[in-house]
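Here the structure comes first, spelled out in structure tokens, and everything after it is commentary.
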Amino acid sequence: MTMTRSIANCLAVLHLSDPTLFDNAENLDEEFQLIKQNYHQRILQTHPDKNPNTDGTDFRNVRASFGIVKELYSNDNVKNNTFATYLAKDNVDEADDGEYNRYFSSENVPSWDFYQAAADEEMPGYKVEGAVSGRSKCTTCKKPALKKRGKKKKGEEEAEAAPVADAAVEAAAVVSAATTRGQPEIVKGEIRVGSLDDRSGAYGRWHHLRCWRVPKKIWQGLTDATDADVVLQDLLNMNEVLLTGVNDLDDEQRTLFVAHASSSSNWASYDTWMKQNALALTAAAAAGDDNKENKQNRLSDQEDGEEDKKPPAKRARTTKKKSKPSPGLSSSNADASASTVASGVAKGSTSAVVVSSNAVVKTNNRFVIPKPGIGLAIVNKLEGKTFVMSGIFPEVGGGRGLTLGKAKVKAMIEAFGGRCTSAI
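And the structure:
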């Protein structure tokens, strides 16, 4: 039996049950800001990362309740233009069950850090919409091809020859790219994305969708960039928090926006982020391999000592095994390996190394996924247990970027009877 939820119930989940809480708000926008503040507090309190022993129901209830309230606000459907109306004793307005379940049923959960960063945003930093006129111009396409250079002193012209040549080549590339993208004008009805001007409170610096670089704070909130439906739900969850206008796009526009946002080639700072993680994780792996090598040396020394204690006859018949070199990174080549990792990641290569939130491992050292009933793997060993996945899993492979290894790990847990309630 489906439970009937009122708008008042949704507000109560966000700890807003008293209509006088909105008395100090001068307009609906200020009321919604108060609701957002409570939402951020509740979503951080109930997040699975901070509550690993729960099934995530409270978290999903907070997310769905805010989704209902947000839909009313973004669609201009708030009764009497104030949320206080829904908290009156005689109010019986019900929430849309379909909308509630759409927000509640999603088991994909961005990390706690993502929500913490979102809580710092007082207003959505970006807006997506169909251009209302043909007068706006794309900030990327209308950039000047070449900056003006001041007059150089005698003797400096030769030194500046190479930079001038490089600038000319760069300018030609900019012109060529602009020609490929099209004219700076954004056609009426075409999707455009703008950013918030903190001083004026208005959105400007518009871009063609194809020219827009998806900010890091947005793409890090995409829980599965390979699934268009999941990406759309993630973007709707961010609506009125990190960006605005997603709700107002028609089906065709949404499809285009989702396709653009889900492609890592459009993600701002993605290559830099991957390089930084690769370098840091390579250093960690190198340190771990040094410890492993030291342990092997200690074992080898111990074996030598035991060998010396044996009687001469037994010692002559015994052949000491040579210790195998560590397959990982040694301290002598850590710097070179870090450079190789960064280069491989930047090019999207997965044949040399794989990047993880915990370590960098070679692909020939992949984790072998156990199968129920084979070897020591007990059938239904995880039955009745619930898991919250966090990070990436390069040891098992599959997927890329923020989804690396996630699908295979989830399948492994479920094969042993476990359940995954959320993942990033």
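One gets this note's numbering by counting positions in the sequence shown from 1 and adding 43 to each.
We put the CB at the ideal spot given by N, CA and C, even for glycine.
Item: Alpha helix (DSSP H) segments (min. 4 residues) lying fully within the segment 217–286; Value: 259–262 and 271–281
Item: Residue 357 in three-state terms, based on DSSP; Value: Any reading at residue 357 must be qualified, since the residue scores a pLDDT of 46, below 50, and its modelled position is unreliable; the value itself is stated next. Note: residue 357 maps to helix in three-state DSSP.
Item: Pick from 433, 226 and 256 that is closest to residue 311, judged by C-alpha positions; Value: 256
Item: For residue 185, three-class secondary structure by DSSP; Value: coil
Item: Enclosing alpha helix (DSSP H) for residue 143 [first to last residue]; Value: 140–148
Item: Residue 169 to residue 162 span [Cα, whole Å]; Value: 15 Å
Item: Selection from 157, 230 and 166 that minimises the alpha carbon distance to residue 181; Value: 230
Item: Residue 279 classed as buried or exposed, judged by whether at least 16 other C-beta atoms fall within 10 angstroms; Value: buried
Item: Reduced DSSP secondary structure (H/G/I, E/B, other) of residue 438; Value: coil
Item: Bridge-paired residues (DSSP) for residue 171; Value: 236
Item: Proximity of residue 124 and residue 71 at Cβ, strictly below 8 Å; Value: yes
Item: C-beta atoms of residue 422 and residue 413 nearer than 8 Å; Value: no
Item: Counted within 10 angstroms of its Cβ, other Cβ atoms place residue 245 as buried (16 or more) or exposed; Value: exposed
Item: C-alpha distance - residue 459 paired with residue 426, whole-angstrom precision; Value: 7 Å
Item: Residue 56 - containing alpha helix (DSSP H), residue span; Value: 50–56
Item: Reduced DSSP category for residue 102 - H, G, I as helix; E, B as strand; rest coil; Value: helix
Item: Cβ pair count under 8 Å reaching 3, the segment 256–270 against the segment 283–296; Value: yes
Item: The segment 300–319 / the segment 260–274 touching (three or more Cβ pairs under 8 Å); Value: yes
Item: For residue 310: DSSP bridge partner residues; Value: 257
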